[in-house]
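Notes to accompany the following structure.
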Amino acid sequence: MAEQGTEVSLLGKIAGYTEILTKDPRSTVFVPLSEAYRKMKMLDDAIEVASKGVAALPHYAPGFIALARAQAERGLVSEAAQAFEIVLKLEDENLQGLKGLARVRMMQGRIDDAQGILIKAKRLAPDDPQINSMLGSFNQGVAGAKTTPAVDAANPAPEPEAPIATATLAEIYVRQGLLRKAYNIYRELHLGDPQNGALQSRMNEIKQLLDYEQGQTTPHPQGGATKEALSAPGAAVATTAILSPTAAILPPPAAGAAAEMTGDVQARLSHWLVSIRRRRQNVR
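The opening position of the sequence shown corresponds to residue 5 in our numbering, with each subsequent residue numbered one higher.
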């Protein structure tokens, strides 16, 4: 139950961060977006997002930290080492970069290099428990060094505040079967834009299915909502594409770009859900 709640929370963050990044491709929000993907074990997506981010912002050290973490967890140790080295070229006293590179060197079996990096880090932060713990591990033969993840759990990349409710997030909840959450979001959006007929229609469809599941009514035989129809790929596009600017983070797209933008978002949502289902099957 706790795992499901965490996944839903991360999905919400992914939806919000993706919308922000679509609006501003040079936004630093790609860092927490990559981290959210990594925590969902969607490592290829985490690497892709971080790679595009550092290409757009080649002097942004936190971006390379996010990239290196995802690469290390994916088993791309050499690539992770290169990314951490770039961090230290940009900021030679970056503690996260030093600790991350030390972990990667330990994974590579380069113990002397790792120890030298940690000694430098200790001079910068003599009371850091992680640095002291890693240095202490050398006295124990660096047990388990090759499996030590290159992720600084005590100092994760900073995350902006949780995004506000959007139609994109509501449609993620629909696809996950969390209809009550989806309905509440659409109700909130409709309160902010009561003249938006598309919001009212979508809210009514979800409410009808909620009532049906609770045994209060039955779907309308002609055109009534069904769970399959609600979560069909085209369902979210029609609603999201015509939301007013006050109802979502994204502004209205330029003429001719709406279909491309909503199609890209819809493809991304479908990809998330396929990846999540595969991961759950693997866990079982």
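No residue lacks a Cβ here, since even glycine has one placed at the ideal position from N, Cα and C.
Are the CB atoms of residue j and residue i within a distance shorter than 9 Å?
i: Ile69; j: Val91; result: yes
i: Leu203; j: Tyr190; result: yes
i: Lys124; j: Asp132; result: no
i: Asp49; j: Tyr41; result: yes
i: Ile51; j: Lys103; result: no
Give me the residue from the options with the minimum Cα distance to residue i.
i: Phe142; options: Leu122, Asp131 and Glu23; result: Leu122
i: Leu25; options: Lys103, Gly57 and Thr10; result: Gly57
i: Leu15; options: Arg30, Ala76 and Leu37; result: Leu37
i: Lys43; options: Ala85, Arg73 and Lys93; result: Arg73
i: Arg30; options: Lys45, Leu47, Ser55 and Ala60; result: Ala60
What's the C-alpha gap between residue i and residue j?
i: Glu89; j: Leu105; result: 7 Å
i: Lys185; j: Tyr177; result: 6 Å
i: Val193; j: Gln199; result: In the sequence under discussion, the amino acid at residue 193 is Leu, which differs from the Val named in the question. Their Cα atoms are separated by approximately 11 Å.
i: Ser137; j: Val81; result: 22 Å
i: Arg78; j: Asp117; result: 22 Å
i: Tyr216; j: Ile18; result: 30 Å
i: Gly101; j: Ala76; result: 13 Å
i: Pro62; j: Gly201; result: 44 Å
i: Arg206; j: Val12; result: 21 Å
i: Glu23; j: Val53; result: 13 Å
i: Asp111; j: Asn208; result: Correcting the residue type first, residue 111 is Met in the shown sequence and not Asp. Spanning the two alpha carbons is a distance of roughly 54 Å.
i: Gly140; j: Leu99; result: 18 Å
Does DSSP put residue i in a helix, in a strand, or in coil?
i: Gln112; result: coil
i: Pro62; result: coil
i: Glu11; result: helix
i: Glu95; result: coil
i: Gly181; result: coil
i: Leu80; result: coil
i: Ser137; result: helix
i: Arg42; result: helix
Can you round the beta-carbon distance between residue i and residue j to whole angstroms, since I take them to be within the 8 Å contact cut?
i: Leu128; j: Glu95; result: Actually they are not in contact, since the Cβ atoms of Leu128 and Glu95 sit about 11 Å apart, beyond 8 Å.
i: Leu173; j: Gly20; result: 7 Å
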